[in-house]
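J.: The structure that follows is given in the form of structure tokens.
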Amino acid sequence: MRKSWLLGFLVIFIGIIVSDASHARYTEPENCTEIPFGNGRLFSITKPGLPKSYAFGTMHSGDPKIMQMPGLILQAFNAVNTLVVEISLADSNPQKSMSMMFRKPPYSLKRTIGASRFSQLEQIMIGYKIPPELLDKMEIWAAATIVGQPPEKIKGSNNEIKYLDKELEKMARLQKKQVLSLETITEQLSLFADQPENLQIEILDEAIQDHVTLEEELSRMTDYYIRGKTGWIYCRMINQMKGSSRALNDFIRRTLLVDRNVTMVKRIKNILPRGGTFIAVGALHMPGEKGILSMLQKEGYAVTRVY
85 MRKSWLLGFL
95 VIFIGIIVSD
105 ASHARYTEPE
115 NCTEIPFGNG
125 RLFSITKPGL
135 PKSYAFGTMH
145 SGDPKIMQMP
155 GLILQAFNAV
165 NTLVVEISLA
175 DSNPQKSMSM
185 MFRKPPYSLK
195 RTIGASRFSQ
205 LEQIMIGYKI
215 PPELLDKMEI
225 WAAATIVGQP
235 PEKIKGSNNE
245 IKYLDKELEK
255 MARLQKKQVL
265 SLETITEQLS
275 LFADQPENLQ
285 IEILDEAIQD
295 HVTLEEELSR
305 MTDYYIRGKT
315 GWIYCRMINQ
325 MKGSSRALND
335 FIRRTLLVDR
345 NVTMVKRIKN
355 ILPRGGTFIA
365 VGALHMPGEK
375 GILSMLQKEG
385 YAVTRVY
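Dropping the structure here:
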């Protein structure tokens, strides 16, 4: 069975939380050519006359192995006065998110996707403690994103979900750093909500099919990430999508990745002139000719691997 690429883009592209995974060591994906900035998690961004800034590729995870940042990364974080994240905690809007994820009657997810598909989904959702009556009100894309992540979460002593991006922002606020965001939650969720129904159903079918392999795939991605092999994560995702439709490939590669990179760089360019900035975004936004690091390099910034 094909491994789950869906988990890959949920973990890296948007703020889906994943649980701890056993740390095995995996080999390089097949047919994986070297891509620009495909090795490394932290890069310096410099321009004459400006204080040094940094770009840090994150994995939206609460895995303790990922939460323990190396000293070089912490030194860079402590040296700046501004943190830039994809979405700030201050900008979160649970009510708006819920209104986008659920619909009122006469809408029915069961009628929309069919009884057989809904039955499979209903069984999976038992692990997420989502009852059938609530599931039936859920948007197709929302159900797919939930199924595309493991049900267990890493929580702190106060039962609060912990993950790397969130902890970075908490640290920044304790240090009185300015915190800026590159996107809004509405922008991120709309990426899925605005897709046609047939594409949403294809994403859901992939999620249901690949659900049983989530933990193994998460272990692989965690290993690649800790080793700084973001290029390998990208290669594996592309390899696994070869059997998917052209529409789904376009959605993942252009809508979720390239188009967002272009938007992020436009916004980053307005922030960088102040210098002393730590940019923390999903790791798959970093590598490649159309990644944010290559785009910044083309804008005249020197980009150098730090870690």
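For the sequence shown, the numbering used here gives the first residue as 85, with consecutive numbering after it.
Glycine included, each C-beta is placed from N, C-alpha and C at the ideal position.
Helix, strand or coil for G240 per DSSP?
T.: The residue you call residue 240 lines up with position 156 of the sequence shown. Below a pLDDT of 50, predicted positions are generally treated as unreliable, and G240, at 44, falls in that range; no measurement from the model is reported.
J.: Tell me whether L266 sits in a helix, a strand or coil according to DSSP, three-state version.
T.: The residue given as residue 266 occupies position 182 in the sequence shown. The answer is coil: DSSP assigns L266 none of H, G, I, E or B.
J.: Measure the CB-CB distance between T166 and R358 and report whether it falls below 8 Å.
T.: For the purposes of this step, residue 166 is taken as residue 82 along the sequence shown, with counting starting at 1. For the purposes of this step, residue 358 is taken as residue 274 along the sequence shown, with counting starting at 1. Cβ atoms of T166 and R358: closer than 8 Å.
J.: Would you give the residue range spanned by the alpha helix (DSSP H) that V390 belongs to?
T.: As a position in the sequence shown, residue 390 is number 306, starting the count at 1. Element bounds for V390: n/a, residue is neither H nor E.
J.: When the Cα atoms are used, what is the spatial distance from E383 to P120?
T.: For the purposes of this step, residue 383 is identified with residue 299 of the sequence shown, where counting begins at 1. For the purposes of this step, residue 120 is identified with residue 36 of the sequence shown, where counting begins at 1. Going from the Cα of E383 to the Cα of P120 covers about 16 Å.
J.: Which residue's Cα is closest to the Cα of T117: L332, C319 and L218?
T.: Here the question's residue 117 lines up with position 33 in the sequence shown. Of the candidates L332, C319 and L218, the one whose C-alpha sits nearest the C-alpha of T117 is C319.
J.: If you draw a straight line from the alpha carbon of L377 to that of L356, how long is it in whole angstroms?
T.: Taking the first residue of the sequence shown as position 1, residue 377 is located at position 293. Taking the first residue of the sequence shown as position 1, residue 356 is located at position 272. Approximately 13 Å between the Cα atoms of the pair.
J.: Please state whether the Cβ-Cβ distance between R187 and K221 is less than 8 Å.
T.: Stepping through the sequence shown from its first residue, residue 187 is reached at position 103. Stepping through the sequence shown from its first residue, residue 221 is reached at position 137. Contact flag set, yes.
J.: Under 6 Å Cβ to Cβ from T130, same chain only, skipping five residues before and after it: list those, please.
T.: If you number the sequence shown from 1, residue 130 lands on position 46. Excluding sequence neighbours, T130 sits near K136 and A386.
J.: When you compare only the Cα positions, how much space is there between P178 and L273?
T.: Numbered from its first residue, the sequence shown carries residue 178 at position 94. Numbered from its first residue, the sequence shown carries residue 273 at position 189. If I take the Cα positions, the gap works out to 12 Å.
J.: When DSSP builds the beta bridges, which residues end up paired with T361?
T.: What you label residue 361 is simply residue 277 of the sequence shown in a count that begins at 1. Its beta-bridge partners are T166.
J.: For G315, count neighbouring C-beta atoms within 10 Å of its own C-beta (all shown protein chains included) and say buried if the count is 16 or more, exposed if not.
T.: Locating residue 315 in the sequence shown gives position 231, counting from the first residue. Classification for G315: buried.
J.: Decide yes or no for the touch test of the stretch 145–153 against the stretch 299–306: beta carbon pairs closer than 8 Å, at least 3 of them.
T.: The stretch 145–153 is in contact with the stretch 299–306.
J.: Out of D249, W225 and M370, which one is the CA nearest neighbour of F276?
T.: As a working note, residue 276 is residue 192 in the sequence shown. Out of D249, W225 and M370, W225 has the C-alpha closest to the C-alpha of F276.
J.: In the DSSP output, what is S137 paired with across the bridge?
T.: Start at 1 with the first residue of the sequence shown, and residue 137 comes out as number 53. Its beta-bridge partners are I129.
J.: Which residues does DSSP list as the beta-bridge partners of M222?
T.: The residue you call residue 222 lines up with position 138 of the sequence shown. F186.
J.: For C128 and L134, what's the separation of their Cα atoms in angstroms?
T.: Counted from its first residue, the sequence shown places residue 128 at position 44. Counted from its first residue, the sequence shown places residue 134 at position 50. A quick correction: the sequence has Ser, not Cys, at residue 128. Roughly 12 Å separates the two Cα atoms.
J.: Any contact of the stretch 367–377 with the stretch 331–350, i.e. 3+ C-beta pairs under 8 Å?
T.: Touching, yes, given that three or more Cβ pairs across the two stretches are closer than 8 Å.
J.: Check for me: the alpha helix (DSSP H) holding F335 runs from which residue to which?
T.: Position 251 of the sequence shown, counting from 1, holds the residue named residue 335. That residue, F335, is in no alpha helix (DSSP H); it is neither H nor E in DSSP.
J.: Between E112 and the rest of its own chain, which residues show a CB-CB distance below 7 Å, the 5 nearest in sequence each way excluded?
T.: Position 28 of the sequence shown, counting from 1, holds the residue named residue 112. Result list for E112: W316, in chain order.
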